[in-house]
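Scroll down for the structure; my scribbles are underneath it.
Residue numbers (the numbering used here): 22 to 287.
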């Protein structure tokens, strides 16, 4: 009987100690980059180690996200949200010093919110554009993380260079209303690489495509001039910027872009 009582007492003490001890999550015992979460290019290629500027869009919209055009730009439920009217474009540009080189990545979705008789669908566009007061050249020096028209399922990536070149590539994806995807671009001295959903899709190495200028991120729902449009919404769950200090942990070998003409440069 005494042996049984001793065994029960030891078991109770062990159970009490387990109950009162602080809970330790397995994730807390490893570095942040190993905490389980969405798979994206930043953790797949090992960029996380240096120089991250991150936006989670929780709380009021920071003043450095500058709205342009018609519509609404606000934070909402931990997302940066762009809402259009039935005419004209709306955009949000990061008004901070730009970077000539580095890695940018976003998690985004978009949807058409209604119909307008005779209306057209908006384009969903995320670009790196010349930072600060540098000339925009009507998009002539932009790099696109993504560009697609609502209602289609093909994402376009590109880099525009002056006077009128466009190096561009295309990737099929399910872009139905509110489908989340991640988009990234790495701009290095000797190449530019594009990623969708943590998979590399293009790498451009031709010197004529490597236009060194400080750039910054811009989100846009782009209209067809002043035509009537179907109202739309674009939302970003997060964005990241990393420097080039961390070497890629995987190859960035991928097909180059096709060379075309960008007729809107000025």
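Glycine included, every Cβ here is placed at the ideal spot set by N, Cα and C.
Secondary structure of residue i, DSSP reduced to three states
i, result
"residue 69", "helix"
"residue 205", "strand"
"residue 160", "helix"
"residue 119", "coil"
"residue 284", "coil"
"residue 167", "strand"
"residue 193", "strand"
"residue 52", "Per-residue confidence for residue 52 stands at a pLDDT of 34, beneath the threshold of 50, marking its modelled position as unreliable; the derived number appears in the next sentence. Residue 52: coil per DSSP, three-state reduction."
"residue 228", "helix"
"residue 129", "strand"
"residue 172", "coil"
"residue 277", "coil"
"residue 219", "coil"
"residue 62", "helix"
"residue 74", "strand"
"residue 136", "coil"
"residue 151", "strand"
"residue 18", "There is no way to answer for residue 18, as the model of the chain reaches only from 22 to 287."
"residue 146", "strand"
"residue 272", "coil"
"residue 124", "strand"
Start and end residues, beta strand (DSSP E) containing residue i
i, result
"residue 142", "Looking at the DSSP string, residue 142 is not in any beta strand (DSSP E), and its letter there is neither H nor E."
"residue 243", "236-243"
"residue 94", "93-97"
"residue 312", "Nothing can be reported for residue 312: it is not among the residues displayed for the chain, which extend from 22 to 287."
"residue 89", "86-90"
"residue 253", "253-263"
"residue 102", "100-104"
Beta-carbon gap between residue i and residue j smaller than 8 angstroms
i, j, result
"residue 163", "residue 149", "yes"
"residue 245", "residue 141", "yes"
"residue 262", "residue 146", "no"
"residue 82", "residue 91", "no"
"residue 179", "residue 189", "yes"
"residue 252", "residue 121", "no"
"residue 131", "residue 226", "no"
"residue 69", "residue 63", "yes"
"residue 219", "residue 65", "yes"
"residue 161", "residue 181", "yes"
"residue 123", "residue 257", "no"
"residue 195", "residue 168", "no"
"residue 67", "residue 207", "no"
"residue 76", "residue 259", "yes"
"residue 86", "residue 103", "no"
"residue 247", "residue 88", "no"
"residue 136", "residue 250", "no"
"residue 202", "residue 215", "no"
"residue 9", "residue 159", "Because the chain in this structure spans residues 22 to 287, residue 9 falls outside the shown range and cannot be described."
Cβ-Cβ separation, residue j to residue i (assumed contact under 8 angstroms), whole Å
i, j, result
"residue 217", "residue 192", "6 angstroms"
"residue 275", "residue 213", "At roughly 11 angstroms, the Cβ-Cβ gap does not stay under 8 angstroms, so residue 275 and residue 213 are not in contact."
"residue 278", "residue 186", "Incorrect: roughly 10 angstroms between the Cβ atoms, too far for contact."
"residue 133", "residue 171", "5 angstroms"
"residue 110", "residue 243", "5 angstroms"
CB contact below 8 angstroms: residue i versus chain B
i, result
"residue 247", "The structure shown has no chain B; it contains just one protein chain."
Would you check if the segment 104-122 and the segment 236-243 touch, i.e. whether three or more CB-CB distances between them fall below 8 angstroms? Put simply, the segment 236-243 touches the segment 104-122. At least three CB pairs are less than 8 angstroms apart.
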